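Student: Let me begin by handing over the structure; questions about it come next.
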């Protein structure tokens, strides 16, 4: 008897409704549990999407399990397109058949990817951004970006990785505000490749042109170009910020355009300020405060350190650095940072030092520092930047406020005649 050979289009047979939810386990066309397709051969089980993704698990971005990109037949196709590009493919007939559900249960999502995609979905979209400018990475160095058709290409020279001149370090295509492609990283570690192209989802923020991506390196590997070995942050240099999103810069009002100077650079800055709400380069202190408010303590710490290198007596930078270190659970360094700023005359330095002492387990010093904050005029006012410290010190704050109210009222005098034996 000859073996029946099925034509390619018949090699993938959609599951039938009824019976077992995933096909007959004992039939000749048995498919893996969880697959939408039955196979006519005994080839490795699972959909082509799952197999391909599992094969690339060693360099898996964010450690996303294949099941996240499920096979629900009622879903859309965006997830499969992103995954195909991460794997360097354009999609296959299998990809065309696979249906990806757009609303997977949150319990199945990797936290990092969920954050990236939720941020991307919330950003205003006005077409693929045209990028033709220089970007500055906090650790990566300067990256020159340009568009080649629909493809974004970035090159770098030198930096922590010692790249040769014009080494291609980034490439990919935009899907909405997400660049789907790869980033060249250098790695350190005994069993790590010196350089590796990592698949990446790079989120483009149309408001400020900032590009961010999260990575998960192999165990034992580190990369000097990533913050905390996970975060890549690229910010447009101010002199060419207009090129990051010309469509948005063009939305500047006619009044701003008319008042712009004849100098091309100044005109560009004016348009960017009107269209994007930024003008000139953001100071390290301001950027650190913005990153801290967004919960990016590692990035914020670097900016506050840079601000202090320029102005060692910046009380705001001391507070920001101490708060960042506390957020990173580096309590001992936070105590040293804030103790060094006690002579700057800022009440909030003592507030955060009180919180640091409390985290350190030194309750007496915490109360003493909090008392100094009150003496220098600090009062709880529901400030968002102080919410963490204020909540942690709530009991001691209430005690000190009660003592202040008592002192203002003065000692309680006994009523006339009470206990008085004189006529």
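Numbering (full-length UniProt numbering), first residue to last: 1 to 423. Just so it is clear, CB atoms sit at the ideal spot from N, CA and C, and this is done for glycine as well. Because the structure is a prediction, the values reported are computed rather than measured.
(1) Taking residue 325 as the reference, give the member of 344, 165, 312, 353 with the closest Cα.
(2) Span of the alpha helix (DSSP H) holding residue 357?
(3) Please state the DSSP three-state secondary structure of residue 394.
(4) Quick check: what's the CA-CA separation for residue 335 versus residue 388?
(5) Is there contact here, the segment 366 to 374 with the segment 397 to 409, by at least three beta-carbon pairs under 8 Å?
(6) Going by the beta-carbon positions, is the gap between residue 315 and residue 346 smaller than 8 Å?
(7) Give me the Cα-Cα distance between residue 363 and residue 357, rounded to the nearest whole angstrom.
(8) Between which two residues does the alpha helix (DSSP H) carrying residue 290 extend?
(9) Does DSSP put residue 322 in a helix, in a strand, or in coil?
(10) Among 343, 201, 165, 301, which has the Cα closest to the Cα of residue 211?
(11) Find the nearest neighbour of residue 204 within the set 174, 292, 370, 291, judged by alpha-carbon distance.
(12) With DSSP run on the structure shown, which of helix, strand or coil describes residue 314?
(13) In this structure, does DSSP put residue 210 in helix, strand or coil?
(14) Grab the span of the alpha helix (DSSP H) containing residue 328 for me, first residue to last.
(15) When the distance is taken between beta carbons, is residue 232 closer than 8 Å to residue 183?
(16) With DSSP collapsed to three states, give me the class of residue 144.
(17) Considering Cα atoms alone, identify which of 153, 179, 380, 206 is closest to residue 167.
(18) When the Cα of residue 349 is compared with those of 313, 161, 382, which residue comes out closest?
(19) Run through the DSSP bridge pairs and tell me what residue 222 is partnered with.
(20) Nearest-angstrom Cα distance between residue 65 and residue 385?
(21) If you follow the alpha helix (DSSP H) that residue 373 is part of, which residue opens it and which one closes it?
(22) Report the CB separation of residue 299 from residue 227 in whole angstroms; it is logged as a contact under 8 Å.
(23) Of all the options 360, 329, 369, 136, which has the alpha carbon lying nearest to the alpha carbon of residue 342?
(24) With H, G and I counted as helix, E and B as strand and the rest as coil, what does DSSP make of residue 343?
(25) When we look at the beta-carbon of residue 213 and count the other beta-carbons within 10 Å, is it buried (16 or more) or exposed?
(26) Between 199, 207, 185, 208, which lies nearest to residue 229 when the distance is taken from Cα to Cα?
(27) If the criterion is Cβ atoms closer than 8 Å, does the pair residue 220 and residue 172 meet it?
(28) Buried or exposed for residue 244, going by 16 or more other Cβ atoms inside 10 Å?
(29) In angstroms with no decimal places, state the Cα-to-Cα distance between residue 194 and residue 159.
(30) Can you tell me the Cα-Cα spacing of residue 156 and residue 141, whole angstroms?
(31) Could you tell me the distance, in whole angstroms, from the CA atom of residue 224 to the CA atom of residue 217?
(32) Whole angstroms are fine: how far does the CA of residue 178 sit from the CA of residue 113?
(33) What are the boundary residues of the beta strand (DSSP E) that includes residue 204?
(34) Are residue 322 and residue 337 closer than 8 Å when you measure CB to CB?
(35) Which same chain residues, not among the five before or five after residue 351, have their C-beta less than 6 Å away from its C-beta?
Tutor: Straight from the coordinates:
(1) 353
(2) 347 to 360
(3) helix
(4) 16 Å
(5) yes
(6) yes
(7) 7 Å
(8) 284 to 293
(9) helix
(10) 201
(11) 174
(12) coil
(13) coil
(14) It is not in any alpha helix (DSSP H) - residue 328 carries neither H nor E in the DSSP assignment.
(15) yes
(16) strand
(17) 153
(18) 313
(19) 188
(20) A caution first: residue 65 carries a pLDDT of 41, below 50, which makes its placement in the model unreliable, though a value can still be read off. Cα to Cα, residue 65 sits roughly 36 Å from residue 385.
(21) 363 to 375
(22) 6 Å
(23) 369
(24) helix
(25) buried
(26) 185
(27) no
(28) Confidence is the limiting factor: at residue 244 the pLDDT is only 39, short of 50, which leaves the residue's position unreliable, though a coordinate-based value still follows. Per the 10 Å Cβ criterion, buried.
(29) 15 Å
(30) 8 Å
(31) 12 Å
(32) Because residue 113 sits at a pLDDT of 49, beneath the cut-off of 50, its placement in the model cannot be relied upon, and the point is left open.
(33) 195 to 204
(34) yes
(35) 373, 378, 389
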